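J.: The structure's right below; bear with me while I get my questions together.
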């Protein structure tokens, strides 16, 4: 991964594009088969350790760190069609990306409640 000053903005804009595309697919799927496709997205920004971990036989690229944990917890909380973001991501967004403040949440692996925001898509 390459660090960019606008990673948070890029991540949120990509999430918005993903939700838009998922909605298009969902509409077609429902029309054809009566099936639904809904995705929930969680985004947190910060320093992480990324690299190839594993043994000689099995290696995999992974990222480790608090932002990874928070993003995973937010993703688990997100309902289909939602993008939930952390405080660290929210603080880096420009005013043209609208967000709604949600109640703080207590999540596994973090002692204090975390701030949660929903991106308006």
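Residue numbers (the numbering used here): 31 to 151. For every residue, glycine included, the Cβ atom is placed at its ideal position computed from N, Cα and C. None of these values were measured; they are calculated from a predicted model.
#1: Can you give me the C-alpha to C-alpha distance between residue 45 and residue 52, rounded to a whole angstrom?
#2: Which of the three DSSP states is assigned to residue 72 in this structure?
#3: Measuring CA to CA, which of 147, 118, 101 is closest to residue 138?
#4: Looking at residue 140 and residue 107, is the spacing between their C-beta atoms short of 9 Å?
#5: Could you give the DSSP three-state label for residue 46: helix, strand or coil?
#6: In the DSSP output, what is residue 147 paired with across the bridge?
#7: Compare the Cα-Cα distances from residue 69 to each of 56, 40, 77, 88 and report the closest residue.
T.: Taking the definition as stated:
#1: Numbered from 1 along the chain shown, position 15 holds the residue referred to as residue 45. Numbered from 1 along the chain shown, position 22 holds the residue referred to as residue 52. Cα to Cα, residue 45 sits roughly 10 Å from residue 52.
#2: Here residue 72 refers to the residue found at position 42 when the chain shown is read from its first residue. Three-state DSSP puts residue 72 in a strand.
#3: Indexing the chain shown from 1 puts residue 138 at position 108. The shortest Cα separation from residue 138 among 147, 118, 101 belongs to 101.
#4: For the purposes of this step, residue 107 is taken as the residue at position 77 of the chain shown. For the purposes of this step, residue 140 is taken as the residue at position 110 of the chain shown. In this structure, residue 140 does not lie closer than 9 Å to residue 107 by Cβ.
#5: Here the question's residue 46 lines up with position 16 in the chain shown. The answer is helix: DSSP assigns residue 46 an H, G or I state.
#6: Translated into positions along the chain shown, residue 147 becomes position 117. Paired residue(s): 115, 131.
#7: As a first step, residue 69 must be located in the chain shown, where it is residue number 39. Nearest option by C-alpha distance: 56.
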